[in-house]
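Going by our numbering, the sequence shown opens with residue 1, and the numbers climb by one from there.
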Amino acid sequence: MKFMKIVTWNINGVRARIENLVHWLKESDPDIVCLQEIKTVDEGFPRFEIEALGYNVETHGQKGFNGVAILSKLRFDEVNRGLPGDDADEQARFIEGVFSTDKGVLRVVSLYLPNGNPVGTEKFPYKLSWMARLERWATQRLALEEALVLAGDYNVIPEAMDARNIELWLGDALYQPETRQAFRRLINLGFTEAVRAVTDQPDVYTFWDYQAGAWQKNNGIRIDHLLLSPEAANRFASASIEKHVRAWEKPSDHVPVAIDLNLQAA
Numbered sequence: 001m002k003f004m005k006i007v008t009w010n011i012n013g014v015r016a017r018i019e020n021l022v023h024w025l026k027e028s029d030p031d032i033v034c035l036q037e038i039k040t041v042d043e044g045f046p047r048f049e050i051e052a053l054g055y056n057v058e059t060h061g062q063k064g065f066n067g068v069a070i071l072s073k074l075r076f077d078e079v080n081r082g083l084p085g086d087d088a089d090e091q092a093r094f095i096e097g098v099f100s101t102d103k104g105v106l107r108v109v110s111l112y113l114p115n116g117n118p119v120g121t122e123k124f125p126y127k128l129s130w131m132a133r134l135e136r137w138a139t140q141r142l143a144l145e146e147a148l149v150l151a152g153d154y155n156v157i158p159e160a161m162d163a164r165n166i167e168l169w170l171g172d173a174l175y176q177p178e179t180r181q182a183f184r185r186l187i188n189l190g191f192t193e194a195v196r197a198v199t200d201q202p203d204v205y206t207f208w209d210y211q212a213g214a215w216q217k218n219n220g221i222r223i224d225h226l227l228l229s230p231e232a233a234n235r236f237a238s239a240s241i242e243k244h245v246r247a248w249e250k251p252s253d254h255v256p257v258a259i260d261l262n263l264q265a266a
């Protein structure tokens, strides 16, 4: 049976890691890729190398930081940039692609949720307000009863088991009670969290800091998530974390997280 492979990956600078990205695309052969932290304006995105592999490319870029993109073997029917609800928010953190499949509409979002640190600054309320906007947006999209995948770097450690040493994160915005409650509210709208749908094991991580030998010590956290609407969850076959990519030369501090859905292009 042919599945559709959808992957989220915080690339941490797409131009700095274009060789890794091209190598990985050839190796992993995903159908749709959601990238975060591309750290470039749209015009600076290395489209040629990726389009040469058969991907359509849509970006929502920003100079020097943030920025999201979707790469897809499927043709885009529609693209929406920016999370609605705050016209003053100029940070490039959200892009939605709409595709036609043999089972109907598929919506895929690449999102880069605010980090929120330090907690005592305006960055933490911005994180929580962004999550509230995401919850409102998701409520409206779920009403369409379509296959929807919310993929990205959420900057949320959902549970203590999602960190090797949770005591290191107790004061961090990624593990604050308000952060985790907002994440649970989002899931409780009716989403399935893909990785936790297939394993309840500890030591399952998607991010290892560059500092203090975190990768070598497996001192990781799980902050990259794929949330599936009921219609997507009905097509859900598997989830995996491609952690070997973290050991490559010039790696991102995040690794790809993949799901397979029982869908094919229309």
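Don't be surprised by glycine CBs; every beta carbon is placed ideally from N, CA and C.
Own chain, CB closer than 7 Å to residue i, minus 5 neighbours either side, in chain order
i: Leu261; result: Phe3, Met4, Ile6, Ala232, Arg235, Phe236, Ala237
i: Arg75; result: Asn56
i: Ala92; result: His60, Gly61, Gln62, Asn66, Gly67, Val68
i: Arg180; result: Val156, Pro158
i: Trp248; result: Asn20
i: Glu43; result: none
Sheet register partners of residue i (DSSP bridge)
i: Val41; result: In the DSSP output, where bridge partners are listed per residue, Val41 has none listed.
i: His225; result: Gly152
i: Phe207; result: Ile221, His254
i: Leu261; result: Met4, Phe236
i: Arg107; result: Val98, Leu148
i: Ile126; result: One point to set straight first is that residue 126 is Tyr, not Ile, in the sequence displayed. For Tyr126, which the question treats as bridged, DSSP gives no partner whatsoever.
i: Ile241; result: Val257
i: Asn10; result: Gln36
Given residue i as reference, the closest of the options once Cα atoms are compared
i: Arg164; options: Phe45, Glu37, Ile221; result: Ile221
i: Thr206; options: Asp253, Gly190, Ile166; result: Asp253
i: Thr8; options: Gly190, Glu27, Lys26, Cys34; result: Cys34
i: Ala151; options: Leu263, Leu134, Asp162, Val119; result: Leu134
i: Glu193; options: Lys127, Val257, Ser72; result: Val257
i: Ala197; options: Asp162, Ala239, Thr101; result: Ala239
i: Trp130; options: Ala266, Glu178, Ile32; result: Glu178
i: Gly64; options: Val98, Ser72, Gly13, Glu96; result: Gly13
i: Trp169; options: Asn188, Gln201, Gly116; result: Gly116
i: Ala132; options: Leu144, Ile187, Ile166; result: Ile187
i: His244; options: Trp24, Asn10, Ala16, Ile95; result: Trp24
i: Asn10; options: Lys26, Gln264, Arg246, Ala265; result: Arg246
i: Asp172; options: Tyr210, Lys123, Leu189; result: Lys123
i: Asp31; options: Gln201, Ile70, Glu37, Ile18; result: Ile70
i: Lys250; options: Gln216, Tyr210, Leu263; result: Tyr210
i: Thr40; options: Glu27, Glu58, Gly97, Asp29; result: Glu58
Nonlocal neighbours in the same chain, by C-beta distance under 8 Å from residue i, ignoring five residues either side
i: Asn218; result: Arg164, Asp203, Tyr205, Trp208
i: Glu146; result: Gly104, Val105, Leu106, Arg107, Ser229, Glu231
i: Tyr154; result: Leu111, Leu113, Phe183, Ile223, Asp224, His225
i: Leu128; result: Gly116, Glu178, Thr179, Ala182
i: Leu83; result: Asp89, Arg93, Phe94, Leu111, Trp130, Arg133, Leu134, Trp137
Contacting residues, own chain, Cβ-Cβ under 6 Å from residue i (five flanking each side not counted)
i: Ala214; result: Trp208
i: Ala16; result: none
Heavy atom of the ligand SAM within 7 Å of residue i beta-carbon
i: Leu35; result: This structure lacks the ligand SAM; in fact it carries no ligand of any kind.
Requested in this report: Entirely within the region 128-199 and at least 3 residues each: give me those beta strand (DSSP E) ranges in chain order.
Outcome: 147-153
Report the start-end ranges of each beta strand (DSSP E) in the region 17-90 that is 3 residues or longer and not cut off at the edges. 32-36, 56-60, 68-72, 78-81
Take every Cβ of the region 223-230, pair it with every Cβ of the region 155-163, and state whether three or more of those distances are shorter than 8 Å. Between the region 223-230 and the region 155-163 there are three or more C-beta pairs closer than 8 Å, enough to call the two in contact.
Contact the region 41-51 vs the region 74-89: 3+ CB pairs below 8 Å:
no
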